[in-house]
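First up is the structure itself, then whatever we jot down about it.
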Amino acid sequence: MLQEKIKKDLDGALKSGDKEKVSVLRMLWASLQDKEKKKKYELSLNNEEVFLSEEEVIDIITSEAKKRRESIKEFRAGQREDLVVKEEAELKILADYLPEPVSEDDLIDIIKEVIKEMGVKDQKELGKVMSAVMSKVKGRADGGDVIRIAKGLLS
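Residue numbers (our numbering): 16 to 170.
Structural data, given as C-alpha coordinates:
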(Lines of atoms letter the chains of each structure in order from A and count residues from 1; the text may use other names and numbers.)
(Lines give C-alpha, C1' and ligand atoms only; values in the text may rest on other atoms or scores of the structure.)
Protein backbone atom coordinates (compact mmCIF):
# COMPACT_ATOMS: atom_id res chain seq x y z
CA MET A 1 0.00 0.00 0.00
CA LEU A 2 1.29 3.43 -0.93
CA GLN A 3 0.63 4.91 2.50
CA GLU A 4 2.79 2.22 4.10
CA LYS A 5 5.58 2.92 1.61
CA ILE A 6 5.48 6.63 2.50
CA LYS A 7 5.73 5.82 6.23
CA LYS A 8 8.59 3.39 5.61
CA ASP A 9 10.42 5.95 3.46
CA LEU A 10 9.90 8.61 6.14
CA ASP A 11 11.45 6.33 8.74
CA GLY A 12 14.35 5.61 6.37
CA ALA A 13 14.89 9.31 5.69
CA LEU A 14 14.91 10.02 9.43
CA LYS A 15 17.56 7.36 9.98
CA SER A 16 19.70 8.52 7.06
CA GLY A 17 19.44 12.19 8.04
CA ASP A 18 17.96 13.35 4.69
CA LYS A 19 16.40 16.56 6.06
CA GLU A 20 14.76 17.62 2.81
CA LYS A 21 13.05 14.27 2.27
CA VAL A 22 12.03 14.13 5.94
CA SER A 23 10.43 17.56 5.63
CA VAL A 24 8.43 16.66 2.52
CA LEU A 25 7.35 13.25 3.78
CA ARG A 26 6.32 14.65 7.18
CA MET A 27 4.15 17.22 5.41
CA LEU A 28 2.66 14.49 3.22
CA TRP A 29 2.13 12.17 6.20
CA ALA A 30 0.36 14.97 8.08
CA SER A 31 -1.94 15.53 5.09
CA LEU A 32 -2.73 11.82 4.95
CA GLN A 33 -3.45 11.67 8.69
CA ASP A 34 -5.66 14.75 8.43
CA LYS A 35 -7.67 13.16 5.63
CA GLU A 36 -8.04 9.94 7.65
CA LYS A 37 -9.33 11.88 10.66
CA LYS A 38 -11.84 13.74 8.49
CA LYS A 39 -12.98 10.48 6.93
CA LYS A 40 -13.34 8.88 10.35
CA TYR A 41 -15.37 11.86 11.59
CA GLU A 42 -17.61 11.82 8.53
CA LEU A 43 -18.29 8.13 9.04
CA SER A 44 -18.81 8.78 12.78
CA LEU A 45 -16.61 5.87 13.77
CA ASN A 46 -15.19 6.27 17.23
CA ASN A 47 -12.86 3.36 17.77
CA GLU A 48 -12.70 1.67 14.39
CA GLU A 49 -9.69 1.99 12.13
CA VAL A 50 -10.23 4.00 8.98
CA PHE A 51 -7.87 3.64 6.07
CA LEU A 52 -7.52 5.75 2.98
CA SER A 53 -7.87 4.06 -0.37
CA GLU A 54 -4.96 4.13 -2.81
CA GLU A 55 -6.96 6.59 -4.91
CA GLU A 56 -7.41 8.94 -1.94
CA VAL A 57 -3.68 8.78 -1.16
CA ILE A 58 -2.82 9.55 -4.80
CA ASP A 59 -5.30 12.46 -4.76
CA ILE A 60 -3.55 13.94 -1.72
CA ILE A 61 -0.09 13.52 -3.26
CA THR A 62 -1.36 15.04 -6.52
CA SER A 63 -2.77 17.99 -4.60
CA GLU A 64 0.53 18.57 -2.79
CA ALA A 65 2.44 18.32 -6.08
CA LYS A 66 0.07 20.85 -7.66
CA LYS A 67 0.76 23.26 -4.79
CA ARG A 68 4.49 22.92 -5.48
CA ARG A 69 4.03 23.60 -9.22
CA GLU A 70 1.97 26.71 -8.44
CA SER A 71 4.59 27.90 -5.95
CA ILE A 72 7.34 27.38 -8.51
CA LYS A 73 5.45 29.52 -11.01
CA GLU A 74 4.94 32.30 -8.45
CA PHE A 75 8.53 32.19 -7.20
CA ARG A 76 9.83 32.39 -10.76
CA ALA A 77 7.65 35.44 -11.36
CA GLY A 78 9.08 36.95 -8.18
CA GLN A 79 12.64 36.03 -9.23
CA ARG A 80 13.17 33.88 -6.13
CA GLU A 81 15.36 31.15 -7.63
CA ASP A 82 16.37 29.92 -4.16
CA LEU A 83 12.76 29.04 -3.41
CA VAL A 84 12.23 27.65 -6.92
CA VAL A 85 15.07 25.18 -6.32
CA LYS A 86 13.57 24.16 -2.94
CA GLU A 87 10.08 23.64 -4.38
CA GLU A 88 11.43 21.70 -7.37
CA ALA A 89 13.31 19.37 -5.02
CA GLU A 90 10.12 18.81 -3.01
CA LEU A 91 8.15 18.20 -6.21
CA LYS A 92 10.70 15.60 -7.29
CA ILE A 93 10.25 13.71 -4.00
CA LEU A 94 6.46 13.81 -4.33
CA ALA A 95 6.66 12.63 -7.95
CA ASP A 96 8.29 9.41 -6.74
CA TYR A 97 4.96 8.44 -5.14
CA LEU A 98 2.72 9.32 -8.07
CA PRO A 99 1.80 6.90 -10.85
CA GLU A 100 3.67 7.27 -14.14
CA PRO A 101 2.20 10.30 -15.95
CA VAL A 102 0.28 9.81 -19.18
CA SER A 103 2.23 10.93 -22.25
CA GLU A 104 0.76 13.82 -24.23
CA ASP A 105 0.04 11.52 -27.20
CA ASP A 106 -1.79 9.03 -24.98
CA LEU A 107 -3.69 11.88 -23.33
CA ILE A 108 -4.79 13.18 -26.73
CA ASP A 109 -6.01 9.69 -27.64
CA ILE A 110 -7.93 9.37 -24.35
CA ILE A 111 -9.56 12.78 -24.83
CA LYS A 112 -10.50 11.98 -28.45
CA GLU A 113 -12.02 8.69 -27.29
CA VAL A 114 -14.06 10.41 -24.56
CA ILE A 115 -15.27 13.11 -26.96
CA LYS A 116 -16.33 10.45 -29.46
CA GLU A 117 -18.05 8.28 -26.80
CA MET A 118 -19.95 11.24 -25.38
CA GLY A 119 -20.79 12.75 -28.77
CA VAL A 120 -19.53 16.16 -27.68
CA LYS A 121 -19.45 18.70 -30.51
CA ASP A 122 -18.45 22.00 -28.88
CA GLN A 123 -16.83 23.56 -25.84
CA LYS A 124 -20.15 23.99 -24.04
CA GLU A 125 -19.78 20.44 -22.74
CA LEU A 126 -16.11 20.79 -21.84
CA GLY A 127 -16.86 20.13 -18.16
CA LYS A 128 -18.35 16.72 -18.95
CA VAL A 129 -15.32 15.81 -21.07
CA MET A 130 -12.97 17.04 -18.35
CA SER A 131 -14.73 14.98 -15.67
CA ALA A 132 -14.70 11.79 -17.76
CA VAL A 133 -11.05 12.19 -18.77
CA MET A 134 -9.85 12.96 -15.24
CA SER A 135 -11.61 9.86 -13.91
CA LYS A 136 -9.83 7.77 -16.56
CA VAL A 137 -6.34 9.16 -15.94
CA LYS A 138 -6.69 9.30 -12.11
CA GLY A 139 -3.87 11.63 -11.14
CA ARG A 140 -1.63 10.75 -14.07
CA ALA A 141 -2.35 13.96 -15.99
CA ASP A 142 -2.57 17.63 -15.10
CA GLY A 143 -6.04 19.17 -15.38
CA GLY A 144 -4.61 22.19 -17.19
CA ASP A 145 -3.20 19.94 -19.90
CA VAL A 146 -6.53 18.15 -20.26
CA ILE A 147 -8.41 21.44 -20.68
CA ARG A 148 -5.87 22.80 -23.16
CA ILE A 149 -5.98 19.68 -25.33
CA ALA A 150 -9.77 19.28 -25.11
CA LYS A 151 -10.33 22.92 -26.09
CA GLY A 152 -8.01 22.46 -29.05
CA LEU A 153 -9.85 19.34 -30.18
CA LEU A 154 -13.28 20.96 -29.80
CA SER A 155 -12.36 24.17 -31.64
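Quick reminder that beta carbons are idealized off the backbone N, C-alpha and C, glycines included. Computed from a predicted structure; not experimentally measured.
What is the C-beta distance between Asp-74 and Gly-154, in whole angstroms, given that I count them as a contact (C-beta under 8 Å)? 6 Å
Can you tell me which of the three DSSP states Glu-138 falls into? Here the sequence assigns Gln to residue 138, which means Glu is not the residue at that position. Reduced to three states, the DSSP call for Gln-138 is helix.
Between Ile-76 and Lys-23, what straight-line distance do the alpha-carbon atoms span, to the nearest angstrom? 16 Å
Would you be able to state if there are at least three C-beta pairs under 8 Å between the stretch 29–38 and the stretch 94–108? yes
Any idea if Tyr-56 is buried or exposed, counting beta-carbon neighbours within 10 angstroms, 16 or more meaning buried? exposed
Limits of the unbroken alpha helix (DSSP H) element including Tyr-7: Since the first residue of the chain shown is 16 and the last is 170, residue 7 is not available in this structure.
Neighbourhood of Glu-79 by C-beta distance below 8 Å, restricted to the same chain and skipping five residues each side: Met-42, Leu-43, Ser-46 and Leu-109
Residue interval of the alpha helix (DSSP H) (run including Gly-27): 17–31
According to DSSP, is Gly-159 helix, strand or coil? helix
DSSP state of Asp-111, grouped into three classes? coil
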